[in-house]
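Numbering (the UniProt record's numbering), first residue to last: 1 to 555.
For each residue, glycine too, the CB sits at the ideal point set by N, CA and C.
Bear in mind the structure is a predicted one, so any value in this text is a computation, not a measurement.
These notes concern the structure reproduced below.
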């Protein structure tokens, strides 16, 4: 009797076995089975078409062919599935329960948490895994919701047929409720993979004592920032505490030598969130961050090597730094050389021989550096740095992630919980999640027959495919200018820092909007506030400005 083997059964059954193994959660079984014999390896990796890997991919993830930005012929099912599985294994391997040592000193009641945050991987592997996670977010199945519009007899879609108050009441809150049949496979997969939070080395970079500005420009920081813009801050969830006993002052020094690679950060969730907010405020409220090269916005060069080459080319001046600074201070070569009345020194036969002129014009020359020729300094001053165009810039995801952390923390601090959990739900990241099936109803008692026949001002032909119709809301977080300058030079002090909140009265009628109500929150200590500003009772702070719905400025 011939024994039946896996190769002897029909190929269709072998493929079904592989598909069911992946659907059951054993994604690594494919590689294990392919390593058993050459015949199965040919079936798995050297197939003539992509139908097997397409079936394997669709057991775990959404169909990317439903997205308008994906071309079905260019999508590599095997490579994309392999990258996502490797990213999952990477995060599972580096998000194991963190072991923390609690060391108690003899003369202190405060326990120090010693935790090893040294990464066991390189930055390239981390950035590659984060980009794979981002591809899962961007390829989630779009929602099937759509907007049904109220149309008049001529087929004109009305955008401004109702007063603002009634439109506000009739407009649904964002995001709308997603039906059960519209659920995505990518979102539960993301929640499972990120259930333990981020790897501790990544958390220490964004929620340590301070952020590294050089790291914020790296590929790992940009990929992590793009992920945090979608998910928010993800702290380390599982921490196992190990008590090592009480230490004397003599043994404390030896313990510090043995734990040179250990960090003394408190790794409970509240402390991680507090440090993440502190580091995010340092980046968001840094006035030196915005430069002309960034077009005064959160952007980074698309090609950092080209931007660095421009800076290197400009800085190849043979003159010393002190001499270049002196030339820029005493001469305006860009303006004087273009003046028709400009006469270079020495052309009129006179010389600067007076002691006062020599002392004010002659630059100081150190003894250890020879004086360079002036003709080498002047051409270098004429060269101007080439600014990148808008097409040469990319979003600075590190800054945007910090802004997301600050905005969410401010909303929770002010008690704004209505609709916040639905707003930050991960299903809202799907394409079309902002659309709704609620139909706006117009009040027939207030709309006359003549207005139904004539096109209303602001109406357009067609369908609001982008879902732009409705009432838009925004969140604004800001600091007082005095505190902004104060923290710019002294650093962000979290216990003394408070964000100001502006609350507008919700319109309840179709009348014009009245003056908005201000919720005053101190942005500094009361003593410092009295020294900086003297605000009479009953008046609004002079730095408060805001825009109302009708476009006027309230102050």
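- Shown here, residue 393 sits in a strand according to DSSP, grouped into three states.
- DSSP places residue 38 in the helix class (H, G or I) of the three-state scheme.
- Pairing residue 55 with residue 19, the inter-Cα distance amounts to about 7 Å.
- Residue 294 carries a helical assignment under DSSP once its states are collapsed to helix, strand and coil.
- Going by beta carbons, residue 298 and residue 396 fall inside the 7 Å limit.
- CA-to-CA, the gap between residue 425 and residue 419 works out to about 10 Å.
- The DSSP-derived three-state label of residue 416 is coil.
- Counting the other Cβ atoms within 10 Å of the Cβ of residue 93 gives fewer than 16, which makes it exposed.
- Counted as a single uninterrupted DSSP element, the alpha helix (DSSP H) harbouring residue 200 occupies residues 200 to 206.
- By alpha-carbon distance to residue 11, the top candidate from 43, 23, 390, 25 is 43.
- Shown here, residue 473 sits in coil according to DSSP, grouped into three states, outside any helix or strand.
- In this structure, residue 130 and residue 223 form a Cβ contact; the two beta carbons are roughly 4 Å apart against a cut-off of 8 Å.
- Rounded to whole angstroms, the separation of the alpha carbons of residue 211 and residue 237 is 21 Å.
- When secondary structure is reduced to three states using DSSP, residue 239 falls in the strand class.
- Three or more beta-carbon pairs separated by less than 8 Å are not found between the region 194 to 212 and the region 68 to 88, which leaves the two stretches without contact.
- For residue 269, same chain residues with a beta-carbon under 7 Å away, outside a window of 5 residues either side, are 235 in chain order.
- Apart from the 5 residues on each side of it in sequence, residue 387 sits with its Cβ closer than 7 Å to the Cβ of 292, 293 in its chain, given in chain order.
- A Cβ-Cβ separation of about 6 Å places residue 66 in contact with residue 141 under the 8 Å criterion.
- Taking the CA atoms as reference points, residue 421 sits about 22 Å from residue 271.
- Counting along the chain, residue 299 sits inside the beta strand (DSSP E) bounded by residues 299 to 301.
- When DSSP reads this structure, residue 387 sits in no beta bridge, so it has no partner.
- According to DSSP, residue 100 shares a beta bridge with 241.
- Counting the other Cβ atoms within 10 Å of the Cβ of residue 191 gives fewer than 16, which makes it exposed.
- By the CB criterion at 7 Å, residue 277 and residue 409 fall inside the cutoff.
- Take the alpha-carbon of residue 484 and the one of residue 476: they are about 15 Å apart.
- Closest in C-alpha terms to residue 423, from the list 413, 201, 232, comes 232.
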